[in-house]
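Peer 1:
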Amino acid sequence: MTIDTVPYPHDLTDGVVTLRAYRDADAEALAAAVRESVATAGPWLAWARADYDTATAQDWIRLCKQAWLLGDGFEMLIVDARTDTFLGGMGVNQRNREHRFANLGYWVRESAQRQGLVTRAGKLALRWAFEVAGLSRIEIVAARDNLPSRKAAERIGGTFEGMLRNRLIINGSCVDAAMYSVFPKDTARP
242 MTIDTVPYPH
252 DLTDGVVTLR
262 AYRDADAEAL
272 AAAVRESVAT
282 AGPWLAWARA
292 DYDTATAQDW
302 IRLCKQAWLL
312 GDGFEMLIVD
322 ARTDTFLGGM
332 GVNQRNREHR
342 FANLGYWVRE
352 SAQRQGLVTR
362 AGKLALRWAF
372 EVAGLSRIEI
382 VAARDNLPSR
392 KAAERIGGTF
402 EGMLRNRLII
412 NGSCVDAAMY
422 SVFPKDTARP
């Protein structure tokens, strides 16, 4: 499989979490999860606001489908493997076709945080990125002070490469960010 022929996804699961493509019917659950998570996600993600509504979620889902079909980004949602309850989002995005790398981004709704879900979902996404999408490098960029995200990057196999000055703009301000990388060999199965 080459990087230019990435198929629309089949569900990826480890039996606890499932990564799957967004569906139109997910809009209401997405909006509720974002609103629930303003206190924990809002300081790092500008879109995590109390006024995030179903129409905004519908727009996001349309953009996700479009990006996938264009091969620009691969956004998936994290759901409970048994109940299909919406838990968060995971994206392989900002793809660089020439150099075969992309960014891995993630968030988990507040009521599902601190349960290892990003670690589980991240490992699924990384395996997919390397084995199906044909990427050779994944980067994870987290604000310097976003310690939960940085710890998650390490738990899914990211190697800290350095602190990048003024790398992100969060709520209108430039902030330094930690850069992590993951390579196919880092996710090799035993």
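In our numbering, the protein residues as written are 242 to 431.
Backbone N, C-alpha and C define an ideal beta-carbon position, used for all residues, glycine too.
Identify, in the order they occur along the chain, each residue of the same chain with its Cβ nearer than 7 Å to the Cβ of C305, setting aside the five sequence neighbours on each side.
Peer 2: Locating residue 305 in the sequence shown gives position 64, counting from the first residue. So the qualifying residues of the chain are Y263 and E316.
Peer 1: Between which two residues does the beta strand (DSSP E) carrying P374 extend?
Peer 2: For this step, residue 374 is matched to residue 133 along the sequence shown. Rather than Pro, the amino acid found at residue 374 in this sequence is Ala. That residue, A374, is in no beta strand (DSSP E); it is neither H nor E in DSSP.
Peer 1: Given a cut-off of 8 Å, decide if S377 and R336 are closer than it, judged by their beta-carbon atoms.
Peer 2: The sequence position of residue 336 within the sequence shown is 95, counting from 1. The sequence position of residue 377 within the sequence shown is 136, counting from 1. Taking C-beta atoms as the reference points, R336 and S377 fail to come closer than 8 Å.
Peer 1: Thinking just about the alpha-carbon of each residue, which of L271, V373 and Q307 is nearest to the one in D294?
Peer 2: In the sequence shown, residue 294 corresponds to position 53, counting from 1. When each option's Cα is compared against that of D294, the closest is L271.
Peer 1: Quick check on this structure: which residue in A266, D321 and P284 has the alpha carbon closest to the alpha carbon of A296?
Peer 2: Position 55 of the sequence shown holds residue 296. For A296, the nearest C-alpha among the options comes from A266.
Peer 1: Rank V257, A418 and T281 by C-alpha distance to the C-alpha of E402 and give the top, closest one.
Peer 2: Along the sequence shown, read from residue 1 onward, the residue named residue 402 stands at position 161. Closest by alpha carbon: A418.
Peer 1: With a CB to CB cut of under 6 Å and the five nearest residues on each side skipped, what residues in its chain are close to G363?
Peer 2: Numbered from 1 along the sequence shown, position 122 holds the residue referred to as residue 363. Cβ within range, chain order: I397.
Peer 1: According to DSSP, is L352 part of a helix, a strand, or is it coil?
Peer 2: For the purposes of this step, residue 352 is taken as the residue at position 111 of the sequence shown. The sequence given here has Ser at residue 352, not Leu. Helix at S352.
Peer 1: Between A366 and G375, what straight-line distance do the alpha-carbon atoms span, to the nearest angstrom?
Peer 2: Numbered from its first residue, the sequence shown carries residue 366 at position 125. Numbered from its first residue, the sequence shown carries residue 375 at position 134. Their backbone Cα atoms lie some 12 Å apart in a straight line.
Peer 1: Who are S414's beta bridge partners in DSSP?
Peer 2: Numbered from 1 along the sequence shown, position 173 holds the residue referred to as residue 414. In DSSP, S414 forms a bridge with I411.
Peer 1: If I410 and A384 are in contact, beta carbons under 8 Å, what's the gap, nearest whole angstrom?
Peer 2: For the purposes of this step, residue 410 is taken as residue 169 along the sequence shown, with counting starting at 1. For the purposes of this step, residue 384 is taken as residue 143 along the sequence shown, with counting starting at 1. The C-beta separation of I410 from A384 comes to about 10 Å, leaving the pair out of contact by the 8 Å criterion.
Peer 1: Can you check which of these residues, W309, N344 and D386, is closest to T281 by C-alpha distance?
Peer 2: Position 40 of the sequence shown, counted from the start, is the residue given in the question as residue 281. Minimum Cα distance to T281 is reached at D386.
Peer 1: Suppose the cutoff is 7 Å on Cβ atoms and the five residues either side in sequence are ignored; what does the same chain contact list for M242 look like?
Peer 2: Walking along the sequence shown from the start, residue 242 turns up at place 1. Low confidence applies here, because M242 scores a pLDDT of 43, under 50, leaving its location unreliable; read the following figure in that light. Once the five neighbours on either side are set aside, the close Cβ partners of M242 are V373 and G375.
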